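This report refers to the structure that appears directly beneath it.
Numbering (the numbering used here), first residue to last: 16 to 151.
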């Protein structure tokens, strides 16, 4: 009986679980846990997003700097987002208020990161359904 119950439990990988948590904490915002670092605040959304980037980069370097992108169907859109993010960082060279500009670039790069991770980690329709129910 226990064996059948264990077989019916679906296991979500660590990176997908972290991505779901990033979305959940993104909706909650800095309501529960907030670290004041002066110019900006660190809260669970940003902490988990940094952990997700760490896992992604670790995977990248463990595979000798190669990524298998054969499952990604929206490569050109990701290139657009990468160019947009690069341009946003480039605009920091001529801004009037560097602190505000860095804050806005961090917000933009966090959003771009979320899109990249959803495209990279979510490969099944069930993944998108779970995200949809979290979103609602």
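All C-beta atoms in this analysis are idealised placements derived from N, C-alpha and C, irrespective of residue type, glycine included.
Predicted model only: the values in this text are computed from it and were never measured.
Below 8 Å between beta carbons: does that hold for residue 56 and residue 45? yes
What did DSSP end up calling residue 119 once you bin it into helix, strand or coil? helix
Nearest-angstrom Cα distance between residue 104 and residue 68? 18 Å
I'd like to know if the stretch 118–136 and the stretch 92–104 are in contact, where contact means that at least 3 CB-CB pairs between them fall below 8 Å. yes
With a Cβ-Cβ cutoff of 8 Å, do residue 149 and residue 39 count as a contact? Yes, the Cβ-Cβ distance between residue 149 and residue 39 is below 8 Å.
Hey, could you find the ends of the alpha helix (DSSP H) residue 59 is sitting in? 59–77
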